[in-house]
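For reference, the structure discussed in these notes is given below.
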Amino acid sequence: PTAIHWFRRDLRLGDNPALLAAREAGDVLPLFVLDPAIWEKSGDPRKHFLAGCLAELHEATDGRLVVRHGKPQDVVPALAREVGAETVHVAGDTGPYGRQRDAAVEKALGDDAELVRTGSPYAVAPGTITKDDGTPFKVFTPFSRRWRDHGWHDPAARPRKVSWARADGEDLPEAPDLGDTEVLEPGEAAAHRRWKAFLDDRIEGYDDERNRPDLDTTSRMSAHLHFGTVHPRTLLKDIADSGKSGTGVETYTTELCWRDFYADVLWHRPETAREYYNPELQGMTYCTGKQADEDFDAWAAGRTGFPVVDAAMRQLLAEGWMHNRMRMITASFLVKDLHQEWTRGARYFMQHLVDGDLASNNHGWQWVAGTGTDAAPYFRVFNPVSQGQKFDPDGDYVRRYVPELRGIEGKKVHEPWEVADDLPEGYPERIVDHKHEREVALDRYAKARGR
Ligand code: FAD
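Numbered by the UniProt record's numbering, the letters in the sequence shown go through residues 2 to 452 in order.
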């Protein structure tokens with residue numbers, strides 16, 4: 002018999018229990034469904050990454066990967082009928098969209114074929130870890146203790162041979178040309194190369210160096226983890242096998258736990274993809290209208306006049322990635338200097354980030370906005386100048402992404418208005434006065450909290 006393996010966020014052959022389950026069931030027809038609505042909305046770097054992953058999978062499946070365009074609830078049942086498959090294998094998707102989509106596919110398959118879920122994209126599947134009384138954790142640290150105590154499975158073996166079935170498909174999506182822009186290399190092999198280099202040379206210094214956007218000190222595993230070119234359980238096993246220990250290893254493991262934590266939060270509270278996790282700030286007011294739209298556009302284009310914010314937003318547009326510290330600074334700027342609702346920024350990030358992930362992104366935004374888990378510090382307003390001076394101490398990061406400022410040396414680049422009477426040609430004036438907006442933000446938060 003033929004079994005369909007429907008690849009979604011598991012674009013790999015190694016350590017893929019759902020694929021092994023498909024192989025047990027028969028000849029495997031590898032399928033990827035390209036939803037044009039999602040594809041069209043994605044930024045070029047995201048398209049580039051996905052197209053690269055699919056090209057690699059196509060080769061790894063002896064050229065048999067079937068790509069079909071359309072809504073999964075139409076495409077998957079039609080293909081199952083066409084090839085007489087009795088089972089469609091997937092890795093479980095626990096996000097709100099994935100759950101709905103899979104329920105719709107299951108319904109459309111009816112009695113023709115069964116949707117078989119095996120595993121999840123997380124070290125510990127969402128919903129597994131609870132407090133003693135069975136309720137979900139609302140705070141990270143106790144969750145992370147339980148998470149470590151619970152542990153995770155060993156990676157599944159890479160199938161040595163799979164008998165791939167054949168069906169007609171459409172052309173693989175084309176990767177947009179990104180010119181000379183340096184972007185993350187897509188695919189399973191690239192994930193392992195990048196990971197090995199990080200594990201060999203950088204993980205031990207991770208705790209000290211991870212806040213530096215000017216240096217390449219983080220693992221860059223986020224897009225790989227999102228699309229499943231590597232599974233976190235493989236990373237955790239490699240860390241254990243490496244025999245390395247210390248604060249770098251500990252902090253890195255904790256970061257992987259944040260990813261599981263936010264997925265767990267979203268599993269229990271799917272509405273928090275949009276709604277405030279902590280309703281205390283529900284009554285908050287925001288700037289809207291023409292001026293707000295112009296401010297938003299300046300933020301999105303990297304033309305706020307604050308060098309570190311502009312560098313980060315331009316990096317996002319060009320590469321589809323941004324350093325964690327820069328995500329916090331740019332998000333804080335939109336929410337607390339421009340007084341706009343976090344949901345607007347989160348939507349923009351989701352379109353452009355290659356690693357755009359509903360749970361990590363939207364809860365990252367909620368954390369910055371003070372509406373999320375972990376008694377968030379709503380009163381913290383990042384100062385874009387001092388943050389830049391601290392974390393990009395030589396100004397190299399700013400000069401890399403903001404060519405107008407390349408003539409300014411060292412950390413002075415964070416305050417170009419102090420260097421000369423006129424700003425360098427083409428660089429915008431600051432769109433707001435940070436000191437003033439900080440006061441406005443604190444006032445808005447105090448009002449919303451009823452104080
Ligand atoms: P590393 O520092 O090497 O971390 C290793 C891995 O741990 C990451 O790949 C990621 O899977 C996980 N991780 C690290 N920090 C976090 C965190 N705060 N929350 C959840 N997981 C984490 N991460 C995404 O994967 N997708 C997103 O869409 C996303 N949006 C964000 C939006 C905002 C406003 C903020 C503040 C953070 C966001 N993050 C997101 C978290 C974090 O910024 C990225 O995971 C990280 O920058 C990716 O780079 P890296 O792989 O080199 O990270």
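Every residue gets a Cβ at the ideal spot worked out from N, C-alpha and C, and that includes glycine.
Here the structure is a predicted model, which means the values were calculated and not measured.
| Asked | Found |
| --- | --- |
| Cβ-heavy atom distance, His324 to ligand 1, below 7 angstroms | yes |
| Contained alpha helix (DSSP H) runs [length at least 4] in the segment 360 to 425, N- to C-terminal order | 385 to 392, 397 to 402 |
| Closest residue to Gly180 among Asp434, Ser387, Asp45 (Cα-Cα distance) | Asp45 |
| Beta carbon of Leu339 nearer than 8 angstroms to that of Val403 | no |
| Rounded separation between Met314 and Thr305 - CA only | 10 angstroms |
| Between the CA atoms of Ala114 and Thr331 - distance to the nearest angstrom | 47 angstroms |
| Ligand 1 heavy atom lying under 7 angstroms from the CB of Asn362 | yes |
| From Pro417, His435, Lys436, residue whose alpha carbon lies closest to that of Gly427 | Pro417 |
| Spatial distance of Gly303 from Glu210 (CA atoms) | 25 angstroms |
| Leu35 - containing beta strand (DSSP E), residue span | 28 to 35 |
| Selection from Tyr123, Phe380, Leu58 that minimises the alpha carbon distance to Ala190 | Leu58 |
| Secondary structure of Glu41, DSSP reduced to three states | helix |
| Local conformation of Ile432 per DSSP, three classes | coil |
| Residue closest to Gly135, alpha-carbon to alpha-carbon, out of Pro156, Phe392, His269 | His269 |
| Touch test, the segment 372 to 391 against the segment 182 to 200, Cβ-Cβ under 8 angstroms, three pairs minimum | no |
| Start-end ranges of the alpha helix (DSSP H) lying completely within the segment 265 to 353, minimum 4 residues | 291 to 302, 308 to 320, 325 to 333, 343 to 353 |
| Whole beta strand (DSSP E) elements within the segment 97 to 152, 3-residue minimum | 115 to 118 |
| Three-state class that DSSP yields for Thr235 in the structure shown | helix |
| Simplified DSSP assignment, three categories, for Glu175 | coil |
| DSSP bridge partner residues for Arg69 (one or two, in chain order) | Val34 |
| Endpoints, the alpha helix (DSSP H) within which Ala224 is located | 223 to 228 |
| Cut-off 7 angstroms between Cβ atoms - residues of its own chain near Gln341, not counting five sequence neighbours on either side | Tyr287, Cys288, Ala293, Phe297, Leu335 |
| Helix, strand or coil at Ala4 [DSSP, three-state] | strand |
| Chain D within 8 angstroms of Gly321, Cβ atoms only | No chain D is part of this structure, which consists of one protein chain only. |
| Proximity below 8 angstroms, CB of Ala168 to CB of Glu83 | yes |
| Beta-bridge partners of Val84, as assigned by DSSP | DSSP lists no partner for Val84. |
| 8 angstroms Cβ cutoff met for residue 1 and Val355 | This structure leaves residue 1 out entirely; the chain is present only between 2 and 452. |
| Contacts around Ala86, its chain only, beta-carbon distance under 7 angstroms, and the 5 residues preceding and following it disregarded | Thr3, Ala4, Ile5, Leu30, Ala114 |
| Buried or exposed by the 16-neighbour rule on C-beta atoms within 10 Å, applied to Ser333 | buried |
| Cβ-heavy atom distance, Ser220 to ligand 1, below 7 angstroms | yes |
| Where Val184 sits in the DSSP three-state scheme | coil |
| Unbroken alpha helix (DSSP H) run spanning Leu200, endpoints | 189 to 202 |
| Local Cβ density within 10 Å of His364, reported as buried at 16 or more and exposed below that | buried |
| Any non-hydrogen atom of ligand 1 within 7 angstroms of Trp259 CB | yes |
| Closer than 7 angstroms: Met329 CB and nearest ligand 1 heavy atom | yes |
| Phe350 beta carbon near ligand 1 (any heavy atom closer than 7 angstroms) | yes |
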